[in-house]
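Every letter in the sequence shown is one number past the one before it in UniProt numbering, and letter 183, counting from 1, is 183.
All residues carry an ideal CB built from backbone N, CA and C; glycine is no exception.
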Amino acid sequence: MEPQTKRWKGSVCDTDSWVPYPVLSDEQSQEVGLIEAFAAPILDKKETSRLVRELNSVYPLSGLQHIKRVRVCQKEGSPHPLEVLVCRVSDAPDMKVISIDSLLPSDGVRCNGLGEPFVVKVPARPPLTRPQFELASKHWPTSFHEDKQVTVALRGELFSPPQKAAMHAYMMSAVAAARAAKKMGMEPVGAVVVDPSTERIIAVGHDCRADHPLHHAVMVCIDLVARSQGGGCYSFDRYPACLTSLTSDAFHNEPDTDASSQPYICTGYDLYVTREPCVMCAMALVHSRIGRVFYGNTAADGALGTKFRVHSQKDLNHHFEVYRGILSKQCEDLNVPTAT
Ligand SMILES: [Zn+2]
Numbered sequence: 001m002e003p004q005t006k007r008w009k010g011s012v013c014d015t016d017s018w019v020p021y022p023v024l025s026d027e028q029s030q031e032v033g034l035i036e037a038f039a040a041p042i043l044d045k046k047e048t049s050r051l052v053r054e055l056n057s058v059y060p061l062s063g064l065q066h067i068k069r070v071r072v073c074q075k076e077g078s079p080h081p082l083e084v085l086v087c088r089v090s091d092a093p094d095m096k097v098i099s100i101d102s103l104l105p106s107d108g109v110r111c112n113g114l115g116e117p118f119v120v121k122v123p124a125r126p127p128l129t130r131p132q133f134e135l136a137s138k139h140w141p142t143s144f145h146e147d148k149q150v151t152v153a154l155r156g157e158l159f160s161p162p163q164k165a166a167m168h169a170y171m172m173s174a175v176a177a178a179r180a181a182k183k184m185g186m187e188p189v190g191a192v193v194v195d196p197s198t199e200r201i202i203a204v205g206h207d208c209r210a211d212h213p214l215h216h217a218v219m220v221c222i223d224l225v226a227r228s229q230g231g232g233c234y235s236f237d238r239y240p241a242c243l244t245s246l247t248s249d250a251f252h253n254e255p256d257t258d259a260s261s262q263p264y265i266c267t268g269y270d271l272y273v274t275r276e277p278c279v280m281c282a283m284a285l286v287h288s289r290i291g292r293v294f295y296g297n298t299a300a301d302g303a304l305g306t307k308f309r310v311h312s313q314k315d316l317n318h319h320f321e322v323y324r325g326i327l328s329k330q331c332e333d334l335n336v337p338t339a340t
């Protein structure tokens, strides 16, 4: 049987040592809030459909379409098997309701078959992920339109072993660039831009803050991508670990001279970066139209999950997927001071 680890450029490629997790939007990550509502036991099951119809017309529960109106009673051995949601507490005529009669207008709902009301907590908005759905459903039955890709990604199982091996190799290039920066006394951060459709590395960059305070690894990498397309603002020629597919023979690529076949800077490309990007770099990734971002470790001022989630900001005109945890151990080790 083949061993689990493969040799990749002299380093052990153990793709089981790390798990890529998605960095989701705030709405997908935060708990679904709860609001208070009145529910009541259905004493006579035969009255259920009439009660639901009449309650729907008096209290339509607008904005709570994800809530199921009727649930099976949660108390074991209860004499009444079903409970119905009557209304939000805030919609009730008197918030200190003590009887079902005072909750319902006499001409709207015939109360026969309905027991005395009690307060329950129900999910305030629809759940977007399976963990949110499972938590929300503990309070009151809730409908859920599952995004299967998100569910699989949250289990850390979105990428196949060959895909993980490729991700491993790309991040190893970023780690090597980070080590080069560290040796020169700069921040130990490296980045690689890849075209996933051709599996071509477009650019490798590292932190170059010795030149300019804004030359973070991601900014360097984006500039190198622009340079490979005939643009770019800076020269990183004096840093041998900063490369583009045009300036380096290492990639064995033919220069793409046909401008019409080139994407707008990073459209459709993937970025691998050892540390979570800051706000400036995250915004540069939005502007460059990056496809996906994979990073190793979080950063205290990180803008793709820790402090902000720029990639899922609704007000911005470009969004992208983000995954963390790629080669997390090797990326974390970059921060360990080197013995002198
Ligand atoms: Zn930055």
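Please classify residue i as buried or exposed, where buried requires at least 16 other C-beta atoms within 10 Å of its C-beta.
i: residue 182; result: buried
i: residue 193; result: buried
i: residue 238; result: exposed
i: residue 72; result: exposed
i: residue 210; result: exposed
i: residue 338; result: exposed
i: residue 291; result: buried
i: residue 233; result: exposed
i: residue 296; result: buried
i: residue 255; result: Reliability fails at residue 255, whose pLDDT of 48 lies under 50, so the model's placement of it is uncertain and the value that follows must be treated cautiously. Flag for residue 255 reads exposed.
i: residue 167; result: buried
i: residue 207; result: buried
i: residue 198; result: exposed
i: residue 106; result: exposed
i: residue 147; result: exposed
i: residue 252; result: Because residue 252 sits at a pLDDT of 46, beneath the cut-off of 50, its placement in the model cannot be relied upon, and the following sentence gives the value as read from the coordinates. Classification of residue 252: exposed, given that the 10 Å Cβ count is below 16.
i: residue 155; result: exposed
i: residue 94; result: exposed
For the candidate residues the options, whose alpha-carbon lies nearest to that of residue i?
i: residue 31; options: 74, 104, 121, 136; result: 136
i: residue 119; options: 133, 134, 107, 99; result: 99
i: residue 101; options: 91, 116, 307; result: 116
i: residue 331; options: 175, 86, 123; result: 175
i: residue 205; options: 196, 231, 178; result: 178
i: residue 86; options: 172, 53, 207; result: 53
i: residue 25; options: 169, 319, 198; result: 319
i: residue 327; options: 321, 45, 110, 171; result: 171
i: residue 127; options: 110, 107, 151, 114; result: 151
i: residue 28; options: 131, 157, 167, 244; result: 131
i: residue 114; options: 129, 242, 189, 51; result: 51
i: residue 325; options: 55, 112, 157, 310; result: 157
i: residue 45; options: 107, 112, 166; result: 112
i: residue 143; options: 129, 159, 312; result: 129
i: residue 229; options: 308, 216, 266, 199; result: 266
i: residue 33; options: 133, 309, 321; result: 133
i: residue 310; options: 279, 336, 329, 96; result: 279
i: residue 240; options: 184, 306, 216; result: 184
i: residue 173; options: 306, 242, 235, 231; result: 242
Taking the Cβ atom as the reference point for each residue, do residue i and residue j lie within a distance shorter than 7 Å?
i: residue 341; j: residue 43; result: The chain is shown only over 1 to 340; residue 341 falls outside these bounds and no answer can be derived.
i: residue 121; j: residue 139; result: yes
i: residue 201; j: residue 225; result: no
i: residue 186; j: residue 284; result: no
i: residue 40; j: residue 89; result: no
i: residue 141; j: residue 68; result: yes
i: residue 221; j: residue 191; result: yes
i: residue 289; j: residue 323; result: no
i: residue 269; j: residue 315; result: no
i: residue 124; j: residue 35; result: yes
i: residue 334; j: residue 188; result: yes
i: residue 23; j: residue 58; result: no
i: residue 271; j: residue 293; result: yes
i: residue 298; j: residue 165; result: no
i: residue 70; j: residue 55; result: no
i: residue 215; j: residue 281; result: no
i: residue 92; j: residue 103; result: yes
message = Contact between the segment 12-22 and the segment 54-74 is defined here as three or more beta-carbon pairs at a separation below 8 Å; is this criterion met?
response = no
- Query: Taking three-plus beta-carbon pairs below 8 Å as touching, is the segment 290-305 in contact with the segment 273-281?
  - Reply: yes
Problem - Under 7 Å, CB to nearest heavy atom of ligand 1: contacting residues - result: 216, 218, 219, 277, 278, 280, 281
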